[in-house]
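Each protein sequence line maps, in turn, to chains A and B.
For the first sequence, the positions run 10 to 125 when the numbering used here is used.
For the second sequence, the positions run 20 to 132 when the numbering used here is used.
Have a look at the structure below before the remarks.
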Amino acid sequence: DTGVSQDPRHKITKRGQNVTFRCDPISEHNRLYWYRQTLGQGPEFLTYFQNEAQLEKSRLLSDRFSAERPKGSFSTLEIQRTEQGDSAMYLCASSSPGGMDTGELFFGEGSRLTVL
Amino acid sequence: GENVEQHPSTLSVQEGDSAVIKCTYSDSASNYFPWYKQELGKRPQLIIDIRSNVGEKKDQRIAVTLNKTAKHFSLHITETQPEDSAVYFCAARYGGSQGNLIFGKGTKLSVKP
């Protein structure tokens, strides 16, 4: 296993189009997180899964955003009717509780979205 | 709501000097405080973390201190090297052991040779 992988790495779309990103976590990790990062800012929490259950979703997250993790493995993040303000790097991370429950997040390389 | 404040936003030091980055958090129930390093164009990677039952942790040139009463924690890098140049993010876990991480806005550290 080479770590968390995300696809596509780059996406350019026109305003109003829908986009979908995929994340494959480290295989034994049961927790999966989506974050958004804009230039000069820290990762902003979007949503979080434990296995297939979506446990938390940011209050700031628009209804245009939806995420799934149907079988508790890979996850998809869909953005409908994209807006220019959605342009950002979308980071996926996974973690495993472990004995000490530190929950270290292992990040993917991210999917960079540009909305024209 | 949950919030993590990080200072300074930029920090420039001479090689060999120490660097200190400070963060404050708002939720007294937070129990886990990691620090991530992000090099340009790369993914964030964990460099050190601390749990709420300890006050200090060291790993070679890196140390983190935690003051639960004041709700702040700090990253200390000694004998800085040019390869330490990166953006550093602090984070705090909210919502107990099942909660998510909230990140600070980052500190861009530049180490001048």
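The C-beta atom is built at its ideal place from N, Cα and C for all residues, glycine as well.
> From A82(B) to I96(B), what distance separates their C-alpha atoms?
Replying inline: Stepping through the second sequence from its first residue, residue 82(B) is reached at position 63. Stepping through the second sequence from its first residue, residue 96(B) is reached at position 77. In a straight line, the C-alpha of A82(B) is about 7 Å away from that of I96(B).
> Between Y99(A) and chain B, is there a C-beta pair that is closer than 8 Å?
Replying inline: The count along the first sequence starts at 1 and reaches residue 99(A) at position 90. No, because no Cβ of chain B sits closer than 8 Å to the Cβ of Y99(A).
> Cβ of G112(A) within 8 Å of Cβ of S104(A)?
Replying inline: Mapped onto the first sequence, residue 112(A) falls at position 103. Mapped onto the first sequence, residue 104(A) falls at position 95. Going by C-beta atoms, G112(A) is nearer than 8 Å to S104(A).
> Straight-line CA distance for A38(B) to I21(A)?
Replying inline: As a working note, residue 38(B) is residue 19 in the second sequence. As a working note, residue 21(A) is residue 12 in the first sequence. So the two alpha carbons sit approximately 38 Å from each other.
> Which residue comes first and which comes last in the beta strand (DSSP E) that contains V28(A)?
Replying inline: As a working mapping, residue 28(A) is identified with position 19 in the first sequence. From DSSP, the beta strand (DSSP E) with V28(A) extends over 28-33.
>> Could you tell me the alpha carbon to alpha carbon distance between Q79(B) and N119(B), rounded to whole angstroms?
In response: To locate residue 79(B), count along the second sequence from 1; it is residue 60. To locate residue 119(B), count along the second sequence from 1; it is residue 100. Q79(B) and N119(B): Cα-Cα distance of roughly 28 Å.
> Going by Cα to Cα distance, which pick from Y42(A), L64(A), N60(A), T47(A) is closest to F54(A)?
Replying inline: Numbered from 1 along the first sequence, position 45 holds the residue referred to as residue 54(A). With distances taken between Cα atoms, F54(A) lies closest to Y42(A).
> Any idea what DSSP makes of P101(B), helix, strand or coil?
Replying inline: On the second sequence, position 82 is the one that residue 101(B) refers to. Three-state result, P101(B): helix.
> With contact counted as at least three CB pairs below 8 Å, one residue from each stretch, are the stretch 48-56 of chain B and the stretch 55-65 of chain A in contact?
Replying inline: no
> So the beta strand (DSSP E) L59(B) belongs to, where does it begin and stop?
Replying inline: Taking the first residue of the second sequence as position 1, residue 59(B) is located at position 40. Neither: L59(B) is in no beta strand (DSSP E) and is coded neither H nor E.
> In chain order, what residues of the stretch 34-54 of chain B put their CB closer than 8 Å to some CB of chain A?
Replying inline: Y51, P53
>> Residues of chain A with CB closer than 7 Å to the CB of K124(B), please, in chain order.
In response: Indexing the second sequence from 1 puts residue 124(B) at position 105. Per Cβ cutoff of 7 Å: Q50, G51.
>> For L65(B), would you say it is in contact with chain A, using Cβ-to-Cβ distances shorter than 8 Å as the test?
In response: Counting from 1 along the second sequence, the entry for residue 65(B) is found at position 46. For L65(B), the answer is yes, since a Cβ of chain A falls inside 8 Å of its Cβ.
> Listed in chain order, which residues of the stretch 91-112 of chain B have Cβ atoms closer than 9 Å to some Cβ of chain A?
Replying inline: V106, F108, C109, A110, R112
>> Counting only Cβ pairs nearer than 7 Å, list the residues of chain B close to E118(A).
In response: Numbered from its first residue, the first sequence carries residue 118(A) at position 109. Chain B residues near E118(A): R62.
> Which residues does DSSP pair with N86(B) in a beta bridge?
Replying inline: Here residue 86(B) refers to the residue found at position 67 of the second sequence. According to DSSP, N86(B) bridges with H91(B).
> Applying the criterion that 16 or more other CB atoms from any shown protein chain within 10 Å of the CB defines a buried residue, is R62(B) buried or exposed?
Replying inline: Position 43 of the second sequence holds residue 62(B). Counting Cβ neighbours within 10 Å, R62(B) comes out buried, since at least 16 surround it.
>> Need the endpoints of the beta strand (DSSP E) that V39(B) sits in, please.
In response: Residue 39(B) sits at position 20 when you count from the first residue of the second sequence. Note, V39(B): beta strand (DSSP E), 38-44.
>> Against chain B, with Cβ distances strictly below 8 Å, would G108(A) count as a contact?
In response: The count along the first sequence starts at 1 and reaches residue 108(A) at position 99. Confidence at G108(A) is low in this model, with a pLDDT of 43, below 50, so its placement is unreliable and the value that follows should be read with caution. So no, G108(A) is outside the interface.
> Can at least three beta-carbon pairs, one atom from the stretch 94-111 of chain B and one from the stretch 21-37 of chain B, be found at a separation below 8 Å?
Replying inline: yes
> Quick one: Cα of L114(A) to Cα of Q57(B), how far?
Replying inline: Along the first sequence, one-based indexing puts residue 114(A) at 105. Along the second sequence, one-based indexing puts residue 57(B) at 38. One C-alpha to the other measures close to 13 Å.
> Does any residue of chain B bring its CB to less than 8 Å from the CB of F54(A)?
Replying inline: Position 45 of the first sequence holds residue 54(A). By this cut-off, F54(A) is an interface position.
>> So the candidates are F30(A), T29(A), T47(A); which of them puts its Cα closest to the Cα of F122(B)?
In response: Here residue 122(B) refers to the residue found at position 103 of the second sequence. Nearest option by C-alpha distance: T47(A).
> Between which two residues does the beta strand (DSSP E) harbouring Q46(A) extend?
Replying inline: Here residue 46(A) refers to the residue found at position 37 when the first sequence is read from its first residue. That run of the beta strand (DSSP E) goes 40-46.
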